[in-house]
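Asker: Take a look at the following structure, please.
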Amino acid sequence: MNGFNKTRVAVYPYDNEMYPYLKYKSMLENIDIRMLLSPAGWALGSKKACGYEIKTMLTADDYSELDALWITDSINKLQEEHLYEVIEEMLRNGKQIILSRKIHPETYYAILETCKRYSGALIDKSINVKDFTKENIPLSLQEIYTPIVCVAGIGERTDKFLVQLGVKHCFEKMGYDVAMVSSRTNSIFLNNVHAFPAFMEGDLPAEYKIVLFNHFIKEIEQLKEPEVIIVGIPEGIMPMSKLQVGYFGIHAFEIFNAITPDFLALCLYGNDISDLYLSEMKKIIQYRFQTNVDSFYLSNTMQDVFTVNRAMPIEYFARETENIRLLVSNLEAAAGEKNKIYTELDIEAMVQQMVKQLNEYSVTEVL
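Encoded structure:
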């Protein structure tokens with residue numbers, strides 16, 4: 044531990060899945076990210092992310108600066124045999140293991156045995172404790188009086204989590220007290236951020252999930268008394284095709300029935316799109332979920348449209364920020380003020396729109 048009682052960690056396996064944590068690391072509690080570690084086969088070695096060099100191996104000096112290895116989720120697939128080897132090396136060097144990644148039971152129990160062998164510690168953060176049960180919960184919705192900002196995405200990898208943290212950061216910088224329910228089930232170590240509740244992933248009937256999520260948000264409102272609640276919606280809002288159905292937008296359906304957003308930001312891929320496309324997306328959201336899209340966000344991730352109509356996984360690739368900005372300029376020129384479109388560089392402007400709109404709605408005197 045360092046002087047501020049923060050655990051000094053190396054993040055493994057690092058890729059863009061963890062980028063939001065780095066960009067908004069000021070929100071981290073009890074954790075000090077010192078290093079990023081990535082498998083050599085991912086071709087990220089010697090590159091940088093938010094000022095951190097991405098390493099493929101650690102030196103003796105590196106180990107001396109660490110208390111633990113934080114095992115995180117990743118976009119890229121990781122062979123668990125390799126994961127075990129990295130963990131064993133960490134335990135051999137007297138470091139703790141923090142686990143927030145779902146792994147195979149065999150690997151998990153092998154890690155536990157290795158911890159015993161080296162007298163090490165495994166801190167399991169991968170288990171999201173259920174916040175409610177359906178027992179004694181009436182099938183009725185409670186009124187939420189706090190303004191709710193929802194962040195949804197057309198599909199996976201549209202920067203939903205990055206936008207959620209960015210919106211929270213900007214609201215807090217403006218002096219507002221903010222609570223956030225993440226679109227991720229393992230959002231840990233973040234100030235006043237609640238992970239997406241485990242009961243939404245269980246086998247409860249949909250009607251109970253809707254009611255329980257409503258009660259979950261109501262409890263946050265009553266206990267935290269925030270001025271704004273940010274709610275991230277997991278996965279996508281709809282299937283990409285008949286062969287790439289995702290989760291059919293089921294969580295979006297459940298959440299939009301549980302709560303009514305006062306502002307909805309919809310995250311899109313950075314592909315070339317038209318003003319007509321944005322208008323159609325507004326109609327789809329209105330018809331499917333009876334709510335309105337207030338702004339769009341364009342991510343730097345493009346979806347390979349030729350892989351959408353096949354059974355194999357959809358492929359993605361990055362697009363330069365300059366190209367995204369040019370696309371936004373062209374869309375704004377075509378649509379005028381009709382569509383509000385933002386990028387990663389414009390999240391503060393998006394939040395200014397949110398504040399203005401919430402003021403106009405007179406949702407709360409605070410705003």
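Each residue of the sequence shown is one higher than the one before, starting from 44 at the first, in this note's numbering.
We treat Cβ as the ideally placed atom computed from N, Cα and C, and that holds for glycine.
So, do the region 177–191 and the region 264–274 have three or more beta carbon pairs nearer to each other than 8 Å?
Answerer: The region 177–191 is in contact with the region 264–274.
Asker: Classify M223 as helix, strand or coil using the three-state DSSP reduction.
Answerer: Here residue 223 corresponds to residue number 180 of the sequence shown, with the count starting at 1. Here M223 sits in strand by DSSP.
Asker: Given that a residue counts as buried once 16 or more other Cβ atoms are within 10 Å of its Cβ, and exposed if not, what is H294?
Answerer: For the purposes of this step, residue 294 is taken as the residue at position 251 of the sequence shown. H294 comes out buried.
Asker: From the DSSP secondary-structure annotation, give me the bridge partner or partners of C93.
Answerer: Locating residue 93 in the sequence shown gives position 50, counting from the first residue. In the DSSP output, where bridge partners are listed per residue, C93 has none listed.
Asker: Can you tell which of R51, D75, N73 and A83 has the C-alpha that lies nearest to the C-alpha of Y41?
Answerer: The question about residue 41 has no answer here: the residues shown for the chain are numbered 44 through 410.
Asker: What residue from F204, G198 and N235 has the CA that sits closest to E215's CA?
Answerer: Position 172 of the sequence shown, counted from the first residue, corresponds to residue 215. When each option's Cα is compared against that of E215, the closest is N235.
Asker: In angstroms, rounded to a whole number, what distance separates the CA positions of K159 and S143?
Answerer: What you label residue 159 is simply residue 116 of the sequence shown in a count that begins at 1. What you label residue 143 is simply residue 100 of the sequence shown in a count that begins at 1. Roughly 20 Å separates the two Cα atoms.
Asker: Alpha carbons only, please: which of T303, A164 and I154 is nearest the one belonging to E124?
Answerer: Along the sequence shown, one-based indexing puts residue 124 at 81. Among T303, A164 and I154, the Cα nearest to that of E124 belongs to I154.
Asker: Counting only beta-carbon separations shorter than 8 Å, does W113 have a partner in chain D?
Answerer: In the structure shown, chain D does not exist; there is a single protein chain.
Asker: Hey, how far is the Cα of L65 from the Cα of E387?
Answerer: Reading the sequence shown from its first residue, position 22 is the one you call residue 65. Reading the sequence shown from its first residue, position 344 is the one you call residue 387. About 14 Å.
Asker: In this structure, what does DSSP give as the bridge partners for M345?
Answerer: Stepping through the sequence shown from its first residue, residue 345 is reached at position 302. Paired residue(s): F360.
Asker: Using only alpha-carbon positions, find the residue among V210, I298, Q287 and M70 that is nearest to E244.
Answerer: Against the sequence shown, residue 244 aligns to sequence position 201. E244 has its Cα closest to that of I298, out of V210, I298, Q287 and M70.
Asker: With DSSP as the reference, label K138 as helix, strand or coil.
Answerer: Position 95 of the sequence shown, counted from the start, is the residue given in the question as residue 138. Coil at K138, not helix or strand.
Asker: Check this for me: beta carbons of T314 and V348, under 8 Å apart or not?
Answerer: Reading the sequence shown from its first residue, position 271 is the one you call residue 314. Reading the sequence shown from its first residue, position 305 is the one you call residue 348. What sits at residue 314 in the sequence shown is Asn, not Thr. Yes.
Asker: Since Q185 contacts N229 with CB under 8 Å, what's their CB separation in whole angstroms?
Answerer: Locating residue 185 in the sequence shown gives position 142, counting from the first residue. Locating residue 229 in the sequence shown gives position 186, counting from the first residue. Not confirmed; about 27 Å, so no contact.
Asker: Mapping DSSP to helix, strand and coil, what is F299?
Answerer: Here residue 299 refers to the residue found at position 256 of the sequence shown. The answer is helix: DSSP assigns F299 an H, G or I state.
Asker: Take every Cβ of the region 312–332, pair it with every Cβ of the region 204–222, and state whether three or more of those distances are shorter than 8 Å.
Answerer: Because the criterion of three Cβ pairs below 8 Å is not met, the region 312–332 and the region 204–222 do not touch.
Asker: Using CA atoms only, rank isn't needed, just tell me which of L266, C93, G289 and S107 is closest to N136.
Answerer: As a position in the sequence shown, residue 136 is number 93, starting the count at 1. It is S107.
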